[in-house]
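A.B. asks: Input: one structure, supplied below.
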Amino acid sequence: MKATTSWAEATLSEFDGVRFLHLDSIWVQGAMRIRKPNQLELEYVQRMMAWLLWRDIDALEREAGELHAVQLGLGAAALTRFCLHELRLRTTAVEINPSVIAACRQWFRLPPDGPRLTVLNQDARQWVDDPAHLQTVDALNVDLYDHEAASPVLDDEDFYAACRSVLQDGGLMTVNLFGRRASFARSSLRIAKVFGSDQVWQLTPTKEGNTVLVAGRGVRVPDRETLLARAATIESRYRLPARKWLRLVRPLPMSILQGLQT
Numbered sequence: 000m001k002a003t004t005s006w007a008e009a010t011l012s013e014f015d016g017v018r019f020l021h022l023d024s025i026w027v028q029g030a031m032r033i034r035k036p037n038q039l040e041l042e043y044v045q046r047m048m049a050w051l052l053w054r055d056i057d058a059l060e061r062e063a064g065e066l067h068a069v070q071l072g073l074g075a076a077a078l079t080r081f082c083l084h085e086l087r088l089r090t091t092a093v094e095i096n097p098s099v100i101a102a103c104r105q106w107f108r109l110p111p112d113g114p115r116l117t118v119l120n121q122d123a124r125q126w127v128d129d130p131a132h133l134q135t136v137d138a139l140n141v142d143l144y145d146h147e148a149a150s151p152v153l154d155d156e157d158f159y160a161a162c163r164s165v166l167q168d169g170g171l172m173t174v175n176l177f178g179r180r181a182s183f184a185r186s187s188l189r190i191a192k193v194f195g196s197d198q199v200w201q202l203t204p205t206k207e208g209n210t211v212l213v214a215g216r217g218v219r220v221p222d223r224e225t226l227l228a229r230a231a232t233i234e235s236r237y238r239l240p241a242r243k244w245l246r247l248v249r250p251l252p253m254s255i256l257q258g259l260q261t
């Protein structure tokens, strides 16, 4: 993100039991169901947890205290709350806009920092570029948009290479992109060049056009039977539509992968 001392102010709206975060515009930056604050309300945010399909869920729960989840972009803190409270992972959120952090603490049930939670008012690029963070992350969620939600504010090969560098071997990244825009192919190609085409998958777009990409650092794709069992476990334990994800996930299209040859 570009360095600046002026940030869009966080505001909120509420409708039908859901509280929404905005940044000086009509665009929704995040949401929370007031009576179920740890539930992931928005469909694309749910899909940002699709990395769970590539992990042994029983092992993840046994090792939760040793695993590290990081969110680049706080939004309404939905993923941060979920990783902290539902998965019980050590969780770090990196957000450049102090107004967003204050709003999440006041309106979106973001707890104070503690042994398992760190919220940093910092540029996401600076965080991933820090050598101290090399291979320290098991799950990385990247959702970095400006106040108009027009396009990712960090979207180049150097940034995605830094994202890969902070992942442990077997670590996974999910990225929110707009799949119905021309920028999607460019962003996907940049990620595939860094991670390798066999380590990148996409879910088909939501009705709003959000497409979540999953990228791994040396991950192995389980067989179909294992995936089906794992999806059922994710649904029963975390109330996420993981069996639907299986129907939606696929490799990047050949039209994008052909760009790797140029």
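Using numbering that gives the first Met the number 0, the letters of the sequence shown correspond one by one to residues 0 to 261. All C-beta atoms, glycine included, are put in the ideal place defined by N, C-alpha and C. Keep in mind the model is a prediction, meaning the values are calculated, not measured.
(1) Please specify which runs of the beta strand (DSSP E), each continuous and at least 3 residues long, are wholly inside the region 8-86, giving them in chain order.
(2) Suppose you measure from the CA of V199 to the CA of H132; what does that come to, to the nearest Å?
(3) Since V141 contacts G72 with CB under 8 Å, what's their CB separation in whole angstroms?
(4) Counting along the chain, where does the beta strand (DSSP E) carrying P110 start and finish?
(5) Find the nearest neighbour of K206 within the set A7, L41 and I190, judged by alpha-carbon distance.
(6) Using only CA atoms, which one of V248, E85, Q125 and I255 lies nearest to A191?
(7) Using DSSP's beta-bridge definition, name the partner residues of F177.
(8) My output table needs one value for W200: the three-state DSSP class, helix, strand or coil.
(9) Which residue marks the beginning of the beta strand (DSSP E) containing A92, and which one marks its end?
(10) In the DSSP assignment, the alpha helix (DSSP H) including V193 goes from what residue to what residue?
(11) Would you say the region 63-79 touches the region 112-127, given that touching needs at least three Cβ pairs under 8 Å?
(12) Three-state secondary structure (DSSP) at D128?
(13) Return the first residue and the last residue of the alpha helix (DSSP H) that T232 is part of.
(14) Under 9 Å between the Cβ atoms of A138 and L212?
(15) CB-CB under 6 Å to Y159, same chain, minus the five flanking residues each way: which ones, in chain order?
(16) Taking the C-alpha atoms as reference points, what is the distance between L247 and R229?
(17) Closest to N120 by CA distance: which of V220, L245 and W6 is it?
(18) Roughly how many angstroms lie between the CA atoms of L143 and A101, to the nearest whole one?
(19) Closest to R240 by CA distance: which of R219, L202 and V220 is it?
(20) Can you tell me where the beta strand (DSSP E) holding R249 begins and where it ends?
(21) When you compare only the Cα positions, how much space is there between M172 and P97?
(22) Is it right to say M48 is buried, meaning 16 or more other beta carbons lie within 10 angstroms of its own, or is it exposed?
(23) Suppose you measure from the CA of R236 to the CA of A58; what does that come to, to the nearest Å?
(24) For V141, list the residues DSSP reports as bridge partners.
(25) Answer yes or no: the CB of G72 versus the heavy atoms of the ligand FMN, is any distance below 8 Å?
(26) What did DSSP end up calling V99 once you bin it into helix, strand or coil?
(27) What would DSSP say about V165, mapped onto helix, strand or coil?
C.D. replies: The answer reads as follows:
(1) 9-14, 17-22, 27-32 and 67-71
(2) To locate residue 199, count along the sequence shown from 1; it is residue 200. To locate residue 132, count along the sequence shown from 1; it is residue 133. Approximately 22 Å, taken between the alpha carbons.
(3) Position 142 of the sequence shown, counted from the start, is the residue given in the question as residue 141. Position 73 of the sequence shown, counted from the start, is the residue given in the question as residue 72. Right, their Cβ atoms sit about 7 Å apart.
(4) Locating residue 110 in the sequence shown gives position 111, counting from the first residue. Element bounds for P110: n/a, residue is neither H nor E.
(5) If you number the sequence shown from 1, residue 206 lands on position 207. Closest by alpha carbon: L41.
(6) As a first step, residue 191 must be located in the sequence shown, where it is residue number 192. Among V248, E85, Q125 and I255, the Cα nearest to that of A191 is on I255.
(7) Looking up residue 177 in the sequence shown gives position 178. In the DSSP output, where bridge partners are listed per residue, F177 has N209.
(8) Position 201 of the sequence shown, counted from the first residue, corresponds to residue 200. DSSP places W200 in strand when its eight states are reduced to three.
(9) Indexing the sequence shown from 1 puts residue 92 at position 93. From DSSP, the beta strand (DSSP E) with A92 extends over R89 to E94.
(10) Here residue 193 corresponds to residue number 194 of the sequence shown, with the count starting at 1. Here the alpha helix (DSSP H) through V193 covers S182 to F194.
(11) yes
(12) Within the sequence shown, numbered from 1, the residue matching residue 128 stands at position 129. Residue state, collapsed to three classes: helix.
(13) Your numbering for residue 232 matches position 233 in the sequence shown. Residues R223 to Y237.
(14) Numbered from 1 along the sequence shown, position 139 holds the residue referred to as residue 138. Numbered from 1 along the sequence shown, position 213 holds the residue referred to as residue 212. Going by C-beta atoms, A138 is not nearer than 9 Å to L212.
(15) Within the sequence shown, numbered from 1, the residue matching residue 159 stands at position 160. Cβ neighbours of Y159 within its own chain (closer than 6 Å, five residues either side excluded): R189, I190 and V193.
(16) Here residue 247 refers to the residue found at position 248 of the sequence shown. Here residue 229 refers to the residue found at position 230 of the sequence shown. Straight-line Cα distance between these residues: approximately 15 Å.
(17) Position 121 of the sequence shown, counting from 1, holds the residue named residue 120. Among V220, L245 and W6, the Cα nearest to that of N120 is on W6.
(18) Taking the sequence shown and counting its residues from 1, the one referred to as residue 143 is at position 144. Taking the sequence shown and counting its residues from 1, the one referred to as residue 101 is at position 102. So the two alpha carbons sit approximately 18 Å from each other.
(19) To locate residue 240, count along the sequence shown from 1; it is residue 241. According to the sequence as given, residue 240 is Pro; it is not Arg. Nearest to P240 by alpha-carbon distance, out of R219, L202 and V220, is L202.
(20) Mapped onto the sequence shown, residue 249 falls at position 250. Per DSSP, R249 belongs to the beta strand (DSSP E) from V248 to P250.
(21) Numbered from its first residue, the sequence shown carries residue 172 at position 173. Numbered from its first residue, the sequence shown carries residue 97 at position 98. Taking the straight line joining both Cα atoms gives about 24 Å.
(22) On the sequence shown, residue 48 is found 49 positions in, with the first residue counted as 1. Result: buried.
(23) Looking up residue 236 in the sequence shown gives position 237. Looking up residue 58 in the sequence shown gives position 59. Taking the straight line from one Cα to the other gives about 14 Å.
(24) One-based indexing of the sequence shown puts residue 141 at position 142. DSSP, once it has assigned bridges, lists L71 and V174 as partnering V141.
(25) For the structure depicted, the ligand FMN is absent and the ligand set is empty, with no information on it obtainable.
(26) Numbered from 1 along the sequence shown, position 100 holds the residue referred to as residue 99. Residue state, collapsed to three classes: helix.
(27) Position 166 of the sequence shown holds residue 165. Helix, per DSSP.
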